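Colleague: Keeping their order, the protein sequence lines are chains X and A.
Using this note's numbering, the first residue of the first sequence is number 1, and each one after it goes up by one.
Using this note's numbering, the first residue of the second sequence is number 491, and each one after it goes up by one.
Note that the Cβ used here is the ideal one computed from N, Cα and C, for glycine as well.
These numbers come from a predicted model, not from an experiment.
Handing you this structure, nothing more for now.
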Amino acid sequence: MGLFALGSIFLPFLASFLILSLGEKRETLRDIITVFTSFLTFAFVLLCTNSLLAGELVEMRIVSLAKNVDLYLKFDAFGAIFANLSSFLWILVSIYSFSYMRALGEHNQGRFYSMFAMAIGSALGVAYSGNVLTMYLFYEILTLSTYPLVLHEESEEAIKAGRKYLAYLLSGAGLILFAMVYTYLENGTLDFLPGGFFRGDSDPVTQAIILISFFVGFGIKAAIMPFHEWLPSAMVAPTPVSALLHAVAVVKAGVFCVMRTVLFIFGPAFLLSSNLWFFLALFVSFTVIMANVLAISEDNLKRRLAFSTVNNLSVIILGSLLLTHSGVKGALLHMVYHGFMKITLFMCAGAIYVGQRKSLVSELDGVGKSLPITMFSFTVGALGLVGIPPICGFLSKWYLCLGSLERNEILFLSVFLISAILDGIYFLPIVFRSFSRKSESHNKRTYLPTGLEGPLLFTGLASIYLFLFPDSIFRFYTLSSTVAKSVLGY
Amino acid sequence: MIEAVNPALLLIISGLLILLFESKTLRLAILLFVPLFTIFQVFCLSEGEYWTINFAGYELVTGRVDGLSLPFVYIFSVITLLINLYGLHINERFYHGATLIYSGSSIGAVLSGDWFSFFAFWEIMAVSGASIVFLGGSRRSLGAAFRYLIIHLIGGSLVLLGIVTNLYESGFQSIGIEELEKINLASLLILSGFLLNAGCPPLHAWLPDAYPSASYAGTVVLSAFTTKCAVYAIIRVFHGWEVLIFLGVLMALYGIVYAVLENNLRKLLSYHIISQVGYMICAAGLGTHVSINGSVAHAICNIIYKSLLLMAVGSFFYAVQKEEMWELLGQRLYGKLKFLLFIYTVGALSISGVPLFAGFASKTVIMAETGEAHRPIVNTLLHLASVGTFLSIALKLPYGAWFGGMKDSNFTKGYELRGIPLNMYISMILAVFLCFLIGVYPRILYLHLPYAMDFNPYTQYNVLTTLQLFFFTTLSFFLFRRKLAIEPKRSKDMDLIYRKIGEFFLGICSGQYRIRQKVQESIGALVERMIIFAKNPYDLKGLFGRKSEGVIIEYDPEKMRYGIGVSMIMFLGLYGVLSLIFILLRF
Chain X
1 MGLFALGSIF LPFLASFLIL SLGEKRETLR DIITVFTSFL TFAFVLLCTN
51 SLLAGELVEM RIVSLAKNVD LYLKFDAFGA IFANLSSFLW ILVSIYSFSY
101 MRALGEHNQG RFYSMFAMAI GSALGVAYSG NVLTMYLFYE ILTLSTYPLV
151 LHEESEEAIK AGRKYLAYLL SGAGLILFAM VYTYLENGTL DFLPGGFFRG
201 DSDPVTQAII LISFFVGFGI KAAIMPFHEW LPSAMVAPTP VSALLHAVAV
251 VKAGVFCVMR TVLFIFGPAF LLSSNLWFFL ALFVSFTVIM ANVLAISEDN
301 LKRRLAFSTV NNLSVIILGS LLLTHSGVKG ALLHMVYHGF MKITLFMCAG
351 AIYVGQRKSL VSELDGVGKS LPITMFSFTV GALGLVGIPP ICGFLSKWYL
401 CLGSLERNEI LFLSVFLISA ILDGIYFLPI VFRSFSRKSE SHNKRTYLPT
451 GLEGPLLFTG LASIYLFLFP DSIFRFYTLS STVAKSVLGY
Chain A
491 MIEAVNPALL LIISGLLILL FESKTLRLAI LLFVPLFTIF QVFCLSEGEY
541 WTINFAGYEL VTGRVDGLSL PFVYIFSVIT LLINLYGLHI NERFYHGATL
591 IYSGSSIGAV LSGDWFSFFA FWEIMAVSGA SIVFLGGSRR SLGAAFRYLI
641 IHLIGGSLVL LGIVTNLYES GFQSIGIEEL EKINLASLLI LSGFLLNAGC
691 PPLHAWLPDA YPSASYAGTV VLSAFTTKCA VYAIIRVFHG WEVLIFLGVL
741 MALYGIVYAV LENNLRKLLS YHIISQVGYM ICAAGLGTHV SINGSVAHAI
791 CNIIYKSLLL MAVGSFFYAV QKEEMWELLG QRLYGKLKFL LFIYTVGALS
841 ISGVPLFAGF ASKTVIMAET GEAHRPIVNT LLHLASVGTF LSIALKLPYG
891 AWFGGMKDSN FTKGYELRGI PLNMYISMIL AVFLCFLIGV YPRILYLHLP
941 YAMDFNPYTQ YNVLTTLQLF FFTTLSFFLF RRKLAIEPKR SKDMDLIYRK
991 IGEFFLGICS GQYRIRQKVQ ESIGALVERM IIFAKNPYDL KGLFGRKSEG
1041 VIIEYDPEKM RYGIGVSMIM FLGLYGVLSL IFILLRF
């Protein structure tokens, strides 16, 4: 199994170098490599997950870097959730991006696919990391490999967005480095432990500073306000990038690392006794509400979705900060479910752009008639994020609500529910608008290539499937219960 | 075989099939045979628990069949058939699909034995209801559907908040739906969510806003399910709560006042939904076996005659294309729509509770029970509401619609009417038949109520009081009808407040957004200046956003550098100083 785990990180990197060496020519070979690698990677991850659930723990200490610090890979349940999510959605998005990039005649596609594969590989690396240093290494590769994707357009705006992206994320990395070194000095180890390994004897203020440095450092990637601004700007990137990286892999890596910090470095005992969880949760709640308020007035569809992503990432973090069984479980499920639903919405936004060259919400009148499949999937994704059954968003909302009550905090419960209602306020007008009969001129059906509409329909239906059968194929439900149990002990 | 499939699931899946396939034959087959099968199936169901699912660690019961849920399921499945028949000619699969999903989810909510599945169906109901409003197709329907969905999301959130709080207070033991007796946060939240769906003032404004905005057939569909489902839930969970009596009477009167003032035909009937649901809520509040029976019976009868009324008015609207009374002033249409007037009158007499019609059989039970419970004020106020009902539905509406306000004898010369399709008539005739059947032979209704009951509505006292009331109402209407003049105005209701709040909120949002943009712009500008400054340190003023006057010296790094020797000495000097400090610190 160790070979498979290693392989699933190694393969995307290999593919990345292969594609880069192919150059801009041989498109078919490039597509074949991408699809083949993504399938194989997912298969490996799934195999590892199954053996994990069968009770076999995969871990590898590759190189020793310092005393008690190795390049350390460990395949635990928490990582398995993120790895499954990213690698599975990669298959769909790569199929989608073939059609998308061709339909728009994009330039520099070799660089695009190469960097894409590298980003996924490093996201998987983040998932598999067994200690903070390993995670930090992959985290940095992820940041840098996404940079060329953000400024893919190479326009003035894209270069600005790319610069902004780097400025935000690299300053975050600095904070993490500081916190990591300090943690090592305090504890002498960096290996993750369910329930936390942080046992510093120094004064509480220093500990709080370390925690906040970790939180903000990783939180920049998770777009916590006021460090979110890079994400809406990064929407100038091509849609597949926004879909997989800025809704699933990259930003979720930020959330993943924050959760690692909360659950595996500091742990519930420390956070609860120092009451720091409450302040962090309040901080994040502000983002939950504010991002949705900003989304209401945003007219650009992709940027509106970006604000919704900012909101949902903070919802996930808020759920894990509750430090209760249902809260953590809900947060993990929401991480997965939001991935499926948001990627649907982004792919729909891309399909609308390809089909009708429309990117503003105010232009969408009557689009539902011309692109029925796309808008159907969009509706599913939007309703799912609002939390309406039978779409999976409801299940995570349910657990998050239960979780905040287990912590006896009705405040955060109302934050979740208000955020859901605000979701409705900015998503539903899009749906209603697109199906309204106002504009007669665009009612002719536009036919898109299957490569575009297939994946988005698939993820849309998958979000319904995940509600009806929460514990099939990927075993997300069991995995999240396992994580919650291992961290909290119940 | 009867227990093979949950009727709710069957209806929802067949609704999805209609949505997916454009085939007309398939649609017709589903629209007729699925409800028929459902009726057959639910009438064969016996009490018990069916269709339990193990879901995400919960044991979900999606089929709790008992005395209370059965009558609601019966009437929901019957009305689904009537509705489908009524809209059979409509060539729009979205409407039919949404209708089936809507009715399926209502049946599902009624049959749910646990909070989780109940809430799931409750939310599906809100979404499918909103899409039926949306399919009205006009600009008004678009806004109304959006408001409907948002308000129901808020209501749903209240219910969800209440449900989880309730689970928490009971220690997460079971998620079965039990009756709530204690007044606490959880029960109050759930109750307010239910009351929102029941249309209780001041949470009612969505109802008269949304229902008339749907298509003529859509209004019929909407009127049957959401509010009755809320009534079911209130009876199930909150029966015997004193406050419900008060709220019920409030609803009954509030609806009437607005109905008497209203001039839009379907909006008038929408206000009557609020009023009629008031009777049911009031009876649920009394909490005795007979009053619960009365509440359920009234829900059943109400679904039948209210659908009948809305079907008739819908057909009128279909034929005439007008539904504001002031547009119909002076146009006597009754000559051309006589049969429709007959059908409408049956519904009107039923809702007023005239003997021999359905409403009499159920309303008398509630009235008698308010008397039994020694609540004379409630009894009198409900009688007053009945008078208002009779006045506005049986007298004012036909007077305004069919007789054009009797202004002058313009006999609609050259007025083209659209022919009403046969299936609409068949559906209405079936409903008329049901109204008569229950009115003449009330036992058929009483047999299916939650508790056994020996009750005969046809006592001398009951019949005489009702007839007296209606006689004098009719008399006074014709004496004072000039006072009820039909004017082109809309009455103001709570939805005005909703809209104002909404606009205010959106204003805040865009304000926040503008602040964000300002901040971003200024940060961006600052970065720009930093870049310029870094390129040319002479241009210091540029950093503060001012244009430098005069000649700006071009920056050339070569000129600024010292020679190699000087640099070396400076470096060594610095090194020396640092070493000195280090050594000094060591001491």
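Please determine, among 225/X, 473/X, 421/X and 70/X, the residue with the shortest C-alpha to C-alpha distance to residue 646/A.
Modeller: Minimum Cα distance to residue 646/A is reached at 421/X.
Colleague: Using alpha carbons as the reference points, say which of 340/X, 377/X, 385/X and 327/X lies closest to residue 308/X.
Modeller: Checking every option, the nearest Cα to that of residue 308/X belongs to 385/X.
Colleague: What are the start and end residues of the beta strand (DSSP E) that includes residue 70/X?
Modeller: Run containing residue 70/X: 69-75, per the beta strand (DSSP E) assignment.
Colleague: Could one say the Cβ of residue 1002/A lies closer than 9 Å to chain X's Cβ atoms, at least one of them?
Modeller: Chain X, which has a Cβ nearer than 9 Å to the Cβ of residue 1002/A, makes this yes.
Colleague: Determine the burial state of residue 1025/A: buried for a count of at least 16 other Cβ atoms within 10 Å of its Cβ, exposed for fewer.
Modeller: The residue is exposed, with fewer than 16 neighbouring Cβ atoms inside 10 Å.
Colleague: So with CB distances below 7 Å, who are the chain X contacts of residue 638/A?
Modeller: Residues of chain X passing the Cβ test: none, with the nearest at roughly 10 Å.
Colleague: Does the CB of residue 293/X have a neighbour CB from chain A at under 9 Å?
Modeller: It does: the Cβ of residue 293/X has a partner Cβ on chain A nearer than 9 Å.
Colleague: For residue 733/A versus residue 670/A, is the C-beta spacing smaller than 9 Å?
Modeller: The answer is no: Cβ separation not under 9 Å.
Colleague: Excluding the five sequence neighbours on either side, which residues of its own chain have a C-beta within less than 6 Å of the C-beta of residue 984/A, listed in chain order?
Modeller: Here the set comprises 692 and 695.
Colleague: Measure the beta-carbon distance from residue 249/X to residue 343/X and round it to whole angstroms, keeping in mind my assumption that it falls under 8 Å.
Modeller: Actually they do not touch by this definition, with Cβ atoms about 10 Å apart.
Colleague: What residues are listed by DSSP as bridge partners for residue 666/A?
Modeller: In DSSP, residue 666/A forms a bridge with 604/A.
Colleague: Report the neighbours of residue 617/A on chain X: residues whose CB is nearer than 7 Å to its CB, in chain order.
Modeller: Simply 383 and 388.
Colleague: Under three-state DSSP, which class holds residue 541/A?
Modeller: Of the three classes helix, strand and coil, the one that applies to residue 541/A here is strand, per DSSP.
Colleague: Assuming residue 60/X is part of the beta strand (DSSP E), what are its boundary residues?
Modeller: That run of the beta strand (DSSP E) goes 58-66.
Colleague: What in chain A is Cβ-close to residue 401/X, meaning under 7 Å?
Modeller: Correct list: 650 and 654.
Colleague: Just to confirm before moving on: does the CB-CB distance between residue 138/X and residue 114/X stay below 9 Å?
Modeller: Going by C-beta atoms, residue 138/X is not nearer than 9 Å to residue 114/X.
Colleague: Can you list the alpha helix (DSSP H) stretches of 4 or more residues lying completely in the segment 720-789 of chain A, in chain order?
Modeller: The qualifying runs are 732-751 and 755-776.
Colleague: Spell out the partners DSSP gives residue 550/A in its beta bridges.
Modeller: Residue 550/A is bridged to 543/A.
Colleague: Whose C-beta lies closer than 7 Å to the C-beta of residue 495/X among residues of the same chain, with five residues either side of it excluded?
Modeller: Nothing in the structure corresponds to residue 495/X, since chain X is present only between 1 and 490.
Colleague: Leaving out the 5 sequence neighbours to the left and right, which residues in its chain are closer than 7 Å to residue 970/A when beta-carbon positions are compared?
Modeller: Nothing listed; no residue qualifies.
Colleague: Kindly list, in the order they appear in chain A, the residues whose Cβ is closer than 7 Å to that of residue 429/X.
Modeller: What residue 429/X touches in chain A: 636.
Colleague: Quick check on the burial criterion: 16 or more other C-beta atoms within 10 angstroms. Buried or exposed for residue 531/A?
Modeller: Its Cβ being crowded by 16 or more others within 10 Å, residue 531/A is buried.
Colleague: Below 8 Å between beta carbons is the criterion; list the residues of the segment 657-669 of chain A that meet it against any residue of chain X, in chain order.
Modeller: Listed by position, the residues of the segment 657-669 of chain A near chain X (Cβ gap below 8 Å) are 657, 658 and 662.
Colleague: Quick one: Cα of residue 415/X to Cα of residue 429/X, how far?
Modeller: Using only the alpha carbons, I get a separation of about 22 Å.
Colleague: Please look up how many angstroms separate the CB atoms of residue 48/X and residue 78/X, rounded, as I've assumed it's under 8 Å.
Modeller: Not really, about 13 Å apart at Cβ, beyond 8 Å.
Colleague: Between the segment 549-567 of chain A and the segment 597-609 of chain A, can you find at least three pairs of beta-carbon atoms closer than 8 Å?
Modeller: With a cut-off of 8 Å, the segment 549-567 of chain A and the segment 597-609 of chain A count as touching, because enough Cβ pairs lie within range.
Colleague: Report the partner residues of residue 129/X according to the DSSP bridge assignment.
Modeller: Looking at the DSSP assignment, residue 129/X forms a beta bridge with 73/X.
Colleague: Output needed in chain order: residues of the segment 674-692 of chain A with a Cβ under 9 Å from some Cβ in chain X.
Modeller: Per Cβ criterion, the list reads 675.
Colleague: At 8 Å on the CB atoms, spell out the chain A contacts of residue 424/X, in chain order.
Modeller: The answer, in chain order, is 639, 640 and 643.
Colleague: Would you mind stating whether residue 491/X and residue 361/X have Cβ atoms separated by less than 9 Å?
Modeller: Residue 491/X lies beyond the stretch modelled for chain X, which goes from 1 to 490, so this question has no answer here.
Colleague: For the putative contact between residue 530/X and residue 99/X, defined by C-beta atoms under 8 Å, what is the C-beta separation to the nearest angstrom?
Modeller: Residue coverage of chain X in this structure runs from 1 to 490, which leaves residue 530/X outside it and unanswerable.
Colleague: Can a CB atom of chain A be found closer than 9 Å to the CB of residue 479/X?
Modeller: Chain A contact via Cβ: absent.
Colleague: For my contact list, residue 390/X and residue 610/A are in at a C-beta cut-off of 8 Å; report their separation, rounded to the angstrom.
Modeller: About 7 Å separates the two Cβ atoms, so the contact holds.
Colleague: Our contact map puts residue 763/A next to residue 689/A with C-beta atoms below 8 Å; I'd like the distance itself, whole angstroms only.
Modeller: The Cβ separation is near 7 Å, so the contact holds.
Colleague: By alpha-carbon positions, which one of 553/A, 888/A, 870/A and 595/A ends up nearest to residue 759/A?
Modeller: Checked all of 553/A, 888/A, 870/A and 595/A; the closest Cα to residue 759/A is 888/A.
Colleague: With three or more C-beta pairs closer than 8 Å as the rule, is the segment 646-657 of chain A touching the segment 672-689 of chain A?
Modeller: In short, these stretches touch, since the Cβ pair count reaches three.
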